[in-house]
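S.K.: Below you will find the structure I want to go over with you.
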Amino acid sequence: MKLLDTDVLIDLFHGNAAARSYIRQRSTEHEQMAISAITLAEMLGGMRPDEEIATTRLLNQFTIVDINAGVARQAARFMRAYHDDHHVDLSDALIAASAFLLGADIVARNVRHNPMPEVLVIEPYRRGAVARAALN
Numbered sequence: 413m414k415l416l417d418t419d420v421l422i423d424l425f426h427g428n429a430a431a432r433s434y435i436r437q438r439s440t441e442h443e444q445m446a447i448s449a450i451t452l453a454e455m456l457g458g459m460r461p462d463e464e465i466a467t468t469r470l471l472n473q474f475t476i477v478d479i480n481a482g483v484a485r486q487a488a489r490f491m492r493a494y495h496d497d498h499h500v501d502l503s504d505a506l507i508a509a510s511a512f513l514l515g516a517d518i519v520a521r522n523v524r525h526n527p528m529p530e531v532l533v534i535e536p537y538r539r540g541a542v543a544r545a546a547l548n
């Protein structure tokens, strides 16, 4: 299972070709893709009023992983271990904890938010490379 981070979902929403290609390839390979309830909240909280239909359509494509007591406890462990040195915030710790407990990989463009060696983080593309590719 792949747990998509918010940055990848935002890129997908904005029609980023690299994000679409990555998701399309995973779908072709029948890879299960999900998002955390945290990503759901971030996407809904950041949308403009005229983006509600498109945002809902995008979010409905993915399984939503709920936050429960086990995820909260693991996130707390990640916060204690990585907050001081890596500035891991609560939302990133909750997403990482969900991935850890599910045995899922995190798919994120900003890998620095996930320094936990217990969780595999896949950087599907780089922002700068995408911008250059779009210009060609």
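The sequence shown: position 75 = 487 (this note's numbering), numbered continuously. Beta carbons: idealized from backbone N, C-alpha and C, even for Gly. Owing to the predicted nature of the structure, the values given are computational and were not obtained by experimental measurement.
1. Tell me the rounded alpha-carbon separation between I422 and N428.
2. So V477 and S439 are supposed to be a Cβ contact under 8 angstroms. How far apart are they, rounded?
3. Do L424 and V519 come within 8 angstroms of each other at the CB atom, strictly closer than that value?
4. Report the rounded CA-to-CA distance for H455 versus T418, giving the unit in angstroms.
5. I want to check one thing, is the minimum distance from the CB of E535 to the heavy atoms of the ligand NAP below 7 angstroms?
6. Who are the near neighbours of T467 in its chain, counting only those whose CB is closer than 8 angstroms to its CB and skipping five residues on each side?
7. In angstroms with no decimal places, state the Cα-to-Cα distance between L375 and Y494.
8. Quick one: grab the DSSP three-state call for D497.
9. Give the single residue among R492, S510, R538 whose Cα lies nearest to the Cα of A446.
10. Just to confirm, are R539 and R521 a CB contact at a threshold of 8 angstroms?
11. Identify the residues that DSSP records as bridge partners of L588: which are they?
12. When DSSP builds the beta bridges, which residues end up paired with I447?
M.R.: Considering the structure as presented:
1. For the purposes of this step, residue 422 is identified with residue 10 of the sequence shown, where counting begins at 1. For the purposes of this step, residue 428 is identified with residue 16 of the sequence shown, where counting begins at 1. Going from the Cα of I422 to the Cα of N428 covers about 9 angstroms.
2. Walking along the sequence shown from the start, residue 477 turns up at place 65. Walking along the sequence shown from the start, residue 439 turns up at place 27. No, V477 and S439 are not in contact; Cβ-Cβ is about 18 angstroms, not under 8 angstroms.
3. Numbered from its first residue, the sequence shown carries residue 519 at position 107. Numbered from its first residue, the sequence shown carries residue 424 at position 12. Annotated as distal: V519 and L424, with beta-carbon spacing of 8 angstroms or more.
4. Locating residue 455 in the sequence shown gives position 43, counting from the first residue. Locating residue 418 in the sequence shown gives position 6, counting from the first residue. Note on residue identity: the sequence assigns Met, not His, to residue 455. Going from the Cα of M455 to the Cα of T418 covers about 7 angstroms.
5. The ligand content of the structure shown is nil, which means the ligand NAP is not present either.
6. The residue given as residue 467 occupies position 55 in the sequence shown. If we look at T467 and ignore the five residues flanking it on each side, its Cβ neighbours are F425, M455, L456, M459.
7. Here the chain covers residues 413 to 548 and nothing more, so residue 375 does not appear.
8. The residue you call residue 497 lines up with position 85 of the sequence shown. D497: helix per DSSP, three-state reduction.
9. As a working mapping, residue 446 is identified with position 34 in the sequence shown. The shortest C-alpha separation from A446 is found at S510.
10. Here residue 539 corresponds to residue number 127 of the sequence shown, with the count starting at 1. Here residue 521 corresponds to residue number 109 of the sequence shown, with the count starting at 1. Yes, these two residues count as a Cβ contact at 8 angstroms.
11. With the chain covering only 413 through 548, there is no way to say anything about residue 588.
12. As a position in the sequence shown, residue 447 is number 35, starting the count at 1. According to DSSP, I447 bridges with L416, I476.
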